[in-house]
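This report refers to the structure that appears directly beneath it.
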Amino acid sequence: MLPQSFSLWSVFAVLLLACVGRAQKTVISSDAAEHCTGIYSKRDWGGPGESFIKVDLQQFKDKNPATGEAFISLIIFEYQDLDGLGVYDESLGRRRYICTDSMVSSGLCSSDQVNQFIVDENFTSYAQIKTTVLTSLGTNDFSYTVSNTGYYCVAAYSPDFTSNENTFKVLLNFHNAFGSLPASQIPLLPLYGLLAVIYAVCLGVYLFQVFKHRSELLLLQKYLAGFFVFLAAENILTWSLYDLENNSKSYPMPGGIRFYIVVISFLNAFKVSFSLFLLLIISLGYGVVFPKLPRKQMNLCKILSVVHFLFLGAFTCLNYYSSESQPGQSATDTSYSVDTYQSNSWLILSIAFPLAILFVVFYFMILNSMQKTVKMLKEQKQIVKLNMYKKLFRLIFVSLLLMIFAFVISTIILFNDNVAQSIEKLWKFDDVLTNFWPACLYFLIFVGIVIIWRPTDSSYLLAVSSQIPSSEAAAGDQETPNADVFNNSEQFGNEFEFDDLRSLESDAADANPFQDPSSDTVGYHTSTSKSEVTPEGNPFEDPRSVDYDLELEQQKMKESNSDGKFQLDDEEDDGLAGVGGPEEQVVSPESAEHAGPKDKSD
1 MLPQSFSLWS VFAVLLLACV GRAQKTVISS DAAEHCTGIY SKRDWGGPGE
51 SFIKVDLQQF KDKNPATGEA FISLIIFEYQ DLDGLGVYDE SLGRRRYICT
101 DSMVSSGLCS SDQVNQFIVD ENFTSYAQIK TTVLTSLGTN DFSYTVSNTG
151 YYCVAAYSPD FTSNENTFKV LLNFHNAFGS LPASQIPLLP LYGLLAVIYA
201 VCLGVYLFQV FKHRSELLLL QKYLAGFFVF LAAENILTWS LYDLENNSKS
251 YPMPGGIRFY IVVISFLNAF KVSFSLFLLL IISLGYGVVF PKLPRKQMNL
301 CKILSVVHFL FLGAFTCLNY YSSESQPGQS ATDTSYSVDT YQSNSWLILS
351 IAFPLAILFV VFYFMILNSM QKTVKMLKEQ KQIVKLNMYK KLFRLIFVSL
401 LLMIFAFVIS TIILFNDNVA QSIEKLWKFD DVLTNFWPAC LYFLIFVGIV
451 IIWRPTDSSY LLAVSSQIPS SEAAAGDQET PNADVFNNSE QFGNEFEFDD
501 LRSLESDAAD ANPFQDPSSD TVGYHTSTSK SEVTPEGNPF EDPRSVDYDL
551 ELEQQKMKES NSDGKFQLDD EEDDGLAGVG GPEEQVVSPE SAEHAGPKDK
601 SD
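Counting from 1, one number per residue, gives the positions in the sequence shown under UniProt numbering.
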């Protein structure tokens, strides 16, 4: 039902096969007088009801002058029995399916078959071939019981009783024993339910790792975790849509279900577009190699994603209301079959062509950016990050091969010289091939990405480690423009929140990660109070560390002056800062040593 896809092959397959949201009730008319679909017998799939085909004549224009009633000739047959229909007319060099007066004269059919479908009585059919003539509005007490699973077709014909074309409209009800879903889609109901459960289990495992390393998460890992939640919810909603459609018996489709279909289609479009966006910025080195991408580069990625989302959303909505793939030419020569691509090819191409171009652009940018990022990491000998991107490159390359393979297979199935026979053989796997396989492939690729970028004890430190090129040549390399990010922090901002700095704190309480290593005051502590911190002091130093140092100094002074010459009370802490008269300040040699910087500052 949904064209699930991740920058792989799903949308290309959807461009070839309309396979979404098609109800088992459809209308045929004088302009599109044939429709074919697969039906499961109750014996093969089961269900509470019976499998059958019913018709309902809803409209006709001209009556038969001889009887004063409508005259709509109808035939139902299984596609394997197509050779049992019609007779070969040597004068025309082709097979004819409707009996005419001239054919009666040629002995090709009998007079009681005029304007009706011709059936070879000596043909051994796979399933029953049934014909009738509809003479009034309604069902005309006509029903076809499906005893064998197969690909069944219904065709209708009405002659022109006047100089104008005779028109009609017949509602067809292809009913499976299990419910209202098309037979080719019913396997997707349990399969998508299983995929939703797998998504939920994998999401639980991943969120446990996120919670375990919650103080060490990168912004990119937060995006991936949130998107993982979205994917699990989207798959559950997709499964619920299949279940809702299977249990719905209304025709036309209720407005609530139609709205639900639109919502799901745009959720799916967002999934694909955001997946390509994430893949592109990761390939550009966002989060792990560079803290920020240049603003123009990031805006370009966003614009491409938004345009892709709009086109894909329109395309998925269109496919939701398209019928299933039909033989391009009517099997019975009555007219073109229902909802073929010949009837709306201009609309399909107007959306599919720019969508295909956007996919090509995305793939080119992703692979090109990946190549440059890998080259830069290799030159800088950043082995850990290089291995991460090599794994990602292999993952993308495999997905590209699978996309090309599926694109070729889908093209052969739909556009070879024997399209109708291909549909007859593959109708059971049509939606599994075009819908569920892309969904599974997307799941595997996404899980591969979150495993590569999973939260670990060292992932945060790896990301915030220095990314400045190790050589002047690498720093001036024009092929790595993102290297300017590290020299223009004001332009690109800070990738990480200050709350995340706690993950970088040392186990030692007095360790200062912001201390200049070139300074000659490393490890030097003063006993000045907090009120007298000079501009040269460290603004990032924890005030609690200063208080702790003061307490240590006081304890040393008490121990060294245990002879009772003076008392250092808690309220006299400010005495260390020079408060009080000269006669009140008795300084020991140890305290004098620590007070040296203070004296100099005075």
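By construction, the Cβ of each residue, glycine as well, lies at the ideal position given by its N, Cα and C atoms. Here the structure is a predicted model, which means the values were calculated and not measured.
The shortest C-alpha to C-alpha distance from Cys-440 to any of Leu-188, Phe-274, Glu-50, Phe-142 is the one to Leu-188. DSSP places Phe-52 in the strand class (E or B) of the three-state scheme.
Rounded to the nearest angstrom, the gap between the Cα atoms of Arg-214 and Phe-227 is 16 Å. From the listed residues Gly-49, Asp-160, Lys-271, the smallest Cα separation to Thr-238 is found for Lys-271. The three-state secondary structure of Val-133, taken from DSSP, is strand. Distance from the Cα of Ile-76 is smallest, within the candidate group Leu-276, Arg-96, Ala-33, for Ala-33. Lys-296 carries a helical assignment under DSSP once its states are collapsed to helix, strand and coil. Between Ser-158 and Ala-70, the C-beta gap is smaller than 9 Å, which places the two residues in contact. A straight-line Cα-Cα distance of about 7 Å links His-35 and Ala-155.
Short of 6 Å from the beta carbon of Ile-98, and not among the five residues preceding or following it, lie these beta carbons of its own chain, in chain order: Tyr-157. For Val-170, the secondary structure class from DSSP, reduced to helix, strand or coil, is strand. When the five nearest sequence neighbours on each side are left out, the beta carbons in the same chain lying within less than 8 Å of the beta carbon of Ser-41 are those of Ser-51, Val-146, Ser-147, Asn-148, Thr-149, Ala-177, in order along the chain.
With three or more CB-CB distances shorter than 8 Å, the segment 383 to 394 counts as touching the segment 279 to 298.
If you draw a straight line from the Cα of Glu-424 to the Cα of Pro-182, it comes to about 15 Å. A straight-line Cα-Cα distance of about 7 Å links Leu-395 and Ile-445. The alpha carbon of Asn-122 has as its nearest neighbour, out of Leu-74, Lys-378, Asp-83, Leu-293, the alpha carbon of Asp-83. Taking C-beta atoms as the reference points, Ile-236 and Glu-245 fail to come closer than 9 Å.
Bounds of the beta strand (DSSP E) holding Val-154 are 150 to 157.
When the five nearest sequence neighbours on each side are left out, the beta carbons in the same chain lying within less than 7 Å of the beta carbon of Gln-59 are those of Phe-168, Lys-169, in order along the chain. Shown here, Ile-118 sits in coil according to DSSP, grouped into three states, outside any helix or strand. When Tyr-260, Tyr-363, Glu-379, Pro-291 are compared, the shortest CA-CA separation from Ile-404 is found for Tyr-363. Residue nearest to Tyr-151 within the set Ile-449, Tyr-79, Leu-172 is Tyr-79 (criterion: CA-CA distance).
Beta bridge pairing from DSSP links Tyr-363 with no other residue. In terms of Cα proximity to Gly-138, the closest of Ile-72, Asp-101, Leu-108 is Ile-72. The Cβ-Cβ distance between Thr-37 and Trp-427 falls below 9 Å. For Thr-238, there is no enclosing beta strand (DSSP E); the residue is found in the alpha helix (DSSP H) stretching over 219 to 247. Counted as a single uninterrupted DSSP element, the stretch harbouring Phe-429 is not any alpha helix (DSSP H), since DSSP gives it neither H nor E.
Proximity to Val-307 across Tyr-260, Ser-369, Asp-431, Phe-359 peaks at Phe-359, based on C-alpha coordinates. A buried status is given to Ala-406, since no fewer than 16 other beta-carbon atoms sit within 10 Å of its beta-carbon. Nearest in C-alpha terms to Lys-25, of all of Ser-250, Leu-304, Lys-372, Phe-290, is Ser-250. The three-state reading of DSSP puts Asp-112 in helix, counting H, G and I together. DSSP places Lys-25 within a strand segment (E or B) once states are collapsed to three. A Cβ-Cβ distance of about 5 Å is found for the pair Val-27 and Leu-171, placing them in contact under the 8 Å criterion. Taking each of Ser-180, Ser-29, Thr-162, Gly-47 in turn and checking the Cα distance to Leu-57, the smallest one comes out for Ser-29.
Rounded to the nearest angstrom, the gap between the Cα atoms of Ala-356 and Val-374 is 27 Å. Judged by DSSP secondary structure, Tyr-40 falls outside any beta strand (DSSP E); it is assigned neither H nor E.
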